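Colleague: This is the structure I want to talk about, given as structure tokens.
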Amino acid sequence: MRPVAGDFTVLKTYTPKGRSPSYPWIGLLLGGSVAALVLYPLVMIINLIHDHFTFGVPLDPAQALSQALQPHIWPIVLLYGLGGGLAGLILGRIFQRIQENRLRLDTLHHEFELQVTALRHHYKNLALGIEGFSTRIRRKMANLEEHFTACAREECLTYSQFYQDFDSLQQSVAILEETSRRLTHTLGQELLFLRALTSDTPALEPRDFFAFLEHCLQDLLALRFREKHIRVEINGLPLGESREPLILAFDPHLMEVILQNLLTNAMKNADHIQVRVKDENHHVLVEVEDNGPGLDLVQLQHQLMLPSNRRDVESTHLGLKVSLHLLEKCQGRLLAKSRPGEGAVFIVEIPKRPQIKGDYHPEGGGT
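For the sequence shown, the residue numbers in the numbering used here are 1314 to 1680.
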């Protein structure tokens, strides 16, 4: 029995159909039937017309067909059927291979779109952080320029007033340097990240899930949403509070994308985020609840089932599609409950994996 039920909606996303019809068998049956029931009688009619004009044989198609169906003629009809069936089998196999290749191309195209989207989301927070701090530095530089202009007119501010902007500028530069360093470090792990996205089997590592979750939250708050006041709680406690470790085997590269997509959507639309982590018998549930404007789940599910297109590049649906795709790799699922005007609740359901004793080594929560 699955641990989550009630009025939650299990979200699903579009996946190309991976099975083609049995064209060879269809071709065998169709080719044999056409050859025996259509081609052979047609040949008999053509021979009758030829004999009529050549030897003066009476033109009687009904009699010719009745003679063609005599028991001693059945082996010839059977040979026609076998020949037609063989031709249909070959044509069916050719069509099946064409269809399989088309489906394979559709699947590869779909996978490529999701991988590119995942990469874009992976670096978007760092890029937006750099852009945000660059804007802050530009504002502080404008303030300092005004101060220097005032000093030139011998209307200098006091040291404390002047230093306040200077100190803020130093902090922004320090954070910008740290963000650039982290971006360089992340680019150095590009091969591992791409391998995690393209592999059908996640590379599981035992980690403290609470530390990893807090790292993802701090990343978003420090970089992308630094200018916005957002209150975040994990199991009712604010960030930074000590918690009992929850050791869980998961792929950190995939899990970071899954969690940050959901958390980003919540933080964009709300100012109070409640994250609850529940350790069930065979699953771990990560519940993300926000006090935002909510959404229409019927419309959301409809959008998720549509194939991606270029117009969706900035849509939050793409982030959810990526999360659903990666959760499928982890054999997990995503559930949602929301109404317009009443906030939203998303639940990530992660299956527990057996761990080998001694595998876990405490380390930082990041990837």
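Every residue, glycine too, gets a C-beta built ideally from N, C-alpha and C. Note that the coordinates shown come from a computational prediction; the quantities given were computed from them, not determined experimentally.
Could you round the C-beta distance between Val-1611 and Val-1599 to whole angstroms and report it? I think they count as a contact, below 8 Å.
Modeller: With a Cβ gap of about 24 Å, Val-1611 and Val-1599 do not count as contacting.
Colleague: Quick one: grab the DSSP three-state call for Thr-1326.
Modeller: coil
Colleague: May I ask you to verify whether the stretch 1560 to 1571 touches the stretch 1517 to 1528, counting CB pairs closer than 8 Å and requiring at least 3?
Modeller: yes
Colleague: Can you tell me whether Asp-1603 is buried or exposed, with buried defined as 16 or more other CB within 10 angstroms of its CB?
Modeller: buried
Colleague: For Pro-1337, report the span of its alpha helix (DSSP H) as first-last.
Modeller: In the DSSP assignment, Pro-1337 falls within the unbroken alpha helix (DSSP H) covering 1336 to 1347.
Colleague: Are the C-beta atoms of Arg-1417 and some chain C residue less than 8 Å apart?
Modeller: Here there is only one protein chain, and chain C is not present.
Colleague: Would you call the CB atoms of Pro-1374 and Ile-1358 closer than 8 Å?
Modeller: yes
Colleague: Is the beta carbon of Ser-1651 sitting closer than 8 Å to the one on Leu-1617?
Modeller: no
Colleague: For Leu-1598, list the residues DSSP reports as bridge partners.
Modeller: Answer is Lys-1591 and Glu-1662, bridged to Leu-1598.
Colleague: So what does DSSP say about His-1365, is it helix, strand or coil?
Modeller: helix
Colleague: From Glu-1641 to Ala-1579, what does the alpha carbon distance come to, in whole angstroms?
Modeller: 22 Å
Colleague: Measuring CA to CA, which of Leu-1648, Pro-1558 and Val-1588 is closest to Thr-1326?
Modeller: Leu-1648
Colleague: Locate the alpha helix (DSSP H) running through Ile-1571, then write down its first and last residues.
Modeller: That run of the alpha helix (DSSP H) goes 1565 to 1582.
Colleague: Are Leu-1517 and Arg-1406 touching if we call contact CB-CB under 8 Å?
Modeller: no
Colleague: Where do the ends of the alpha helix (DSSP H) carrying Ser-1379 lie?
Modeller: 1374 to 1381
Colleague: In whole angstroms, what separates the C-alpha of Leu-1324 from that of Leu-1637?
Modeller: Annotation: Leu-1324 to Leu-1637 spans about 8 Å, alpha carbon to alpha carbon.
Colleague: Contact check, Gln-1573 vs Leu-1533 under 8 Å by CB: the rounded distance?
Modeller: 6 Å
Colleague: In terms of residues, what are the limits of the alpha helix (DSSP H) holding Asp-1532?
Modeller: 1522 to 1532
Colleague: With distances taken between CB atoms, is the gap from Phe-1659 to Val-1601 smaller than 8 Å?
Modeller: yes
Colleague: Judging by CA-CA distance, which residue of Ser-1555, Glu-1424, Ile-1403 and Ser-1346 is the nearest neighbour of Leu-1392?
Modeller: Ser-1346
Colleague: Could you check whether Pro-1337 and Gln-1409 sit closer than 8 Å to each other, using their CB atoms as the reference points?
Modeller: yes
Colleague: For the beta strand (DSSP E) that Val-1545 lies in, which residues bound it at each end?
Modeller: 1544 to 1547
Colleague: Beta-carbon within less than 7 Å of Phe-1321's beta-carbon, same chain only, minus the 5 sequence neighbours each way: which residues are those?
Modeller: Contacts found: Leu-1648, Ala-1649, Lys-1650 and Ile-1660.
Colleague: On a Cα-Cα basis, can you pick out the residue from Ser-1555, Asn-1582 and Arg-1417 that is closest to Asp-1521?
Modeller: Ser-1555
Colleague: Would Gln-1531 and Leu-1550 be called neighbours here (beta carbons separated by less than 8 Å)?
Modeller: no
Colleague: DSSP three-state call for Pro-1388: helix, strand or coil?
Modeller: helix
Colleague: For Pro-1606 versus Pro-1558, is the C-beta distance shorter than 8 Å?
Modeller: No, the Cβ-Cβ distance between Pro-1606 and Pro-1558 is not below 8 Å.
Colleague: Following the continuous alpha helix (DSSP H) through Leu-1617, name the residue where it begins and the one where it ends.
Modeller: From DSSP, the alpha helix (DSSP H) with Leu-1617 extends over 1610 to 1617.
Colleague: Beta-carbon within less than 7 Å of Ile-1543's beta-carbon, same chain only, minus the 5 sequence neighbours each way: which residues are those?
Modeller: Non-local C-beta neighbours of Ile-1543 in its own chain, meaning closer than 7 Å and more than five positions away in sequence, comprise Leu-1534, Met-1580, Asp-1584 and Ile-1586, ordered along the chain.
Colleague: Which term fits Pro-1334, buried or exposed, when burial requires 16 or more other beta carbons within 10 angstroms of its beta carbon?
Modeller: So Pro-1334 counts as exposed.
Colleague: DSSP three-state call for Arg-1646: helix, strand or coil?
Modeller: In the structure shown, Arg-1646 falls within a strand segment according to DSSP collapsed to helix, strand and coil.
Colleague: Closer than 6 Å by C-beta to Leu-1402: which residues in its own chain qualify, once you throw out the five before and the five after it? Chain order, please.
Modeller: Pro-1337, Gly-1340 and Leu-1341
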